[in-house]
Amino acid sequence: MRAPRFDRRVQIQRATLADDGFASVEVWADHGTPIWAAKADLSDGERWSAGEVAASVTTRFTLHRTAFARSLTPKDRLLSEGRSFEISGIKEGGAGRRFLELTCFARTDR
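Numbering (the working numbering), first residue to last: 3 to 112.
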């Protein structure tokens, strides 16, 4: 198996609650420092929903398996090249469980 090419800097974000003066609202804040990742686009597509066309891309990001990476959950999100990716799945990858693979999706029509 070939080692992934870690040539992208990605930023993980985690949702926190903040008081806007009226209520608690969810805001996204950077979680940790940017990390190196490998990126592979898996699929893209469009779909109709409530009279609106939504275009999206599904992408797999591969990260080194560190304590920080193991703390990630699908509640977090990932920023790469100005686009926000929602994490839909996390699994171990690579020989010897050296990597974590994050399956993510992003809207491309925004």
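Cβ coordinates follow ideal geometry from the N, Cα and C atoms, glycine included. Predicted, not measured: the structure shown is a model, and the values here were computed from it.
Task: Beta-carbon proximity list for residue 99, same chain, < 7 angstroms, skipping 5 on both sides - done: Closer than 7 angstroms at Cβ, skipping near neighbours: 67.
Task: Whole-angstrom C-beta distance between residue 32 and residue 13, which should lie under 8 angstroms - done: Sure, about 6 angstroms apart at Cβ, within 8 angstroms.
Task: Start-to-end residues for the beta strand (DSSP E) that takes in residue 87 - done: Start and end: 85-95.
Open item on the list: Bridge partners for residue 65 per DSSP, in chain order?
Closed with: Bridge partners of residue 65: 39, 102.
TODO: Rounded to whole angstroms, what's the CA-CA distance from residue 17 to residue 28? Just pull it up for me.
DONE: Distance between the alpha carbons of residue 17 and residue 28: 6 angstroms.
Task: For residue 82, the first and last residue of its enclosing beta strand (DSSP E) - done: According to the DSSP assignment, residue 82 belongs to the beta strand (DSSP E) that extends over 79-82.
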